[in-house]
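Let me begin by presenting the structure, written as structure tokens, before commenting on it.
Residue numbers (the UniProt record's numbering): 1 to 461.
Below, the structure written as structure tokens:
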């Protein structure tokens, strides 16, 4: 079936789910002409006046680097995964963050949220953020540098929590600038841009897209996507394995739906308070200079105004298993310097310094454990009620994590264990259950719970 709303986009099944594919690559000559026009460079300018080259391929875009006497710029040409909304949302969010915080983000030069242009795809032209993704420098940085970076990110987070109407965020859940008349108004939450909702055929499901008034409505929409997707999969199952997988996903989604209203109020008026949340603040999206100082934050494509409890999480780069003891380097296997230690992923070419990859994994877990403490302490300095916010958000964050993983089809049995525990009025951290499960002998025993989580779980009667 031809998807006229998303011309130029196809989806392939890679075995783990739909994967986007370009049916027609952008013409770099058209990209160059658009850059010329918006950078004020004559059409007959030579290549030394404007050099445009493909820089990188993202999940949903191609990034072109444009070098000119006016400076260096990036043009992101995007697949129409969520036509208009993704480009409008990114442009509005970048402008708001640039104007109301000191977070270093790209300046938006120009954009076109339609495909009715000579490139034939949506595009956004922005300034280049200096520096290198900290991912490539992390292993060489001192712990003091990492602590400084983490504290700086906490400062950024605190600013985002105040970003919006009169320093109090927004009302309603959605992506900024995607509503009707958004181009001519101050940004407000509109339809939400989320890979959960736009991947593959999900884009065409007749479900609400936002803005949502409450966490309940937002999460219910996601659960309805799962139910619809796996109901179809069950009807089309070709073998017992496919049938069992669809039945398990449906069972888990229905259990989550059953407790949804007990964790999140169904009616919220006025709409729930929300804040700008960067949902992919990984080491690849934090730019640093040679001293490890933050020079920019990128990757705002799907940033949205989300419930305040979502923002009680640590950023992506600090998430990992707890490891209190620093790994002893001498206890790990030596490998050839530069050897990927059996990994098939050689794209990143990180220096292993002659140690097996397991050492670096354990070291990262140790560093994340220590840096999470520093992050929490810094947030508490900036927001004295931070500990309460984190405590009150714990069960809600885990519920969101369970829905997200159920939607991707991973850890279904252990998510079911977690839901069953919540229904028994036990609070077990989701990540702990995903890692080790719940032994049968422990399934009926109570576990220490945060006070706020106890309050929420006590409603599950």
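Each residue gets a CB set at the ideal place from its N, CA and C atoms; glycine is no exception.
Please read these numbers as outputs of a predicted model, since none were measured by experiment.
A Cβ-Cβ contact shorter than 9 Å links residue 7 with residue 115. Just so you know, the alpha carbons of residue 397 and residue 359 end up roughly 30 Å apart. Taking C-alpha positions only, residue 237 is separated from residue 302 by approximately 32 Å. In this structure, the CA atom of residue 280 is about 7 Å from the CA atom of residue 299. In this structure, residue 252 lies away from residue 125, with their beta-carbon atoms at least 9 Å apart. Residue 324 sits exposed, since fewer than 16 C-beta atoms from the chains shown fall within 10 Å of its C-beta. Going by C-alpha positions, residue 119 is about 33 Å away from residue 102.
Across the structure, residue 16 and residue 384 are spaced so that their CA atoms are roughly 43 Å apart.
Separation of residue 278 and residue 165 (C-alpha to C-alpha, rounded to the nearest whole angstrom) is 18 Å. Going by beta carbons, residue 269 and residue 246 fall outside the 9 Å limit. Each residue's CA atom was taken as its position, placing residue 28 and residue 200 some 27 Å apart. The beta carbon of residue 263 sits closer than 7 Å to the beta carbons of 395, 396, 399, 456 from its chain, once the five residues preceding and following it are set aside; these are given in chain order. Restricting attention to 146, 250, 35, the CA atom closest to the CA of residue 290 is found in 146. For residue 43, the number of other beta carbons within 10 angstroms of its own is below 16, and it is reported as exposed.
Apart from sequence neighbours up to five positions away, the residues of its chain that approach residue 256 with a beta-carbon distance below 7 Å are 223, 402, 403, 406, 419, ordered along the chain. Restricting attention to alpha helix (DSSP H) runs no shorter than 4 residues, the stretch 377-432 encloses them at 386-408, 412-423, ordered along the chain. Bridge pairing for residue 287: 133, 296 [DSSP].
For the set 48, 38, 30, 81, the Cα lying nearest the Cα of residue 58 is the one of 81. Under a 10 Å Cβ-count criterion, residue 36 is classified as buried, with 16 or more other Cβ atoms of the shown protein chains found around its own Cβ. A direct Cα-Cα distance of roughly 32 Å separates residue 63 from residue 308. Look at residue 278 here: in three-state DSSP terms it is coil, with no helix or strand label. By the C-beta density criterion, residue 170 is buried, having at least 16 other C-beta atoms within 10 angstroms. Distance from the Cα of residue 354 is smallest, within the candidate group 362, 18, 50, 337, for 337.
About 16 Å separates the beta carbons of residue 71 and residue 287, which is beyond the 8 Å limit, so they are not a contact pair. Non-local beta-carbon contacts of residue 243 in its own chain, meaning distances under 8 Å to residues more than five positions away in sequence, involve 234, 237 in chain order.
About 7 Å separates the beta carbon of residue 107 from that of residue 98, a gap short enough to meet the 8 Å contact definition.
A distance below 9 Å separates the beta carbons of residue 177 and residue 88.
Residue nearest to residue 297 within the set 33, 160, 375 is 160 (criterion: CA-CA distance).
When the Cα atoms are used, residue 155 and residue 306 turn out to be separated by approximately 19 Å. Secondary structure at residue 73: strand, using DSSP grouped into helix, strand and coil.
In terms of CA proximity to residue 410, 226 leads the group 4, 226, 369, 356. Considering only 321, 239, 67, the residue with the shortest C-alpha distance to residue 48 is 67. Per DSSP, the continuous alpha helix (DSSP H) segment holding residue 218 begins and ends at 215-235. In the DSSP assignment, residue 110 falls within the beta strand (DSSP E) that extends over 108-112.
Distance from the CA atom of residue 38 to the CA atom of residue 31, rounded to whole angstroms, is 11 Å. Collapsing the DSSP output to three states places residue 52 in a strand.
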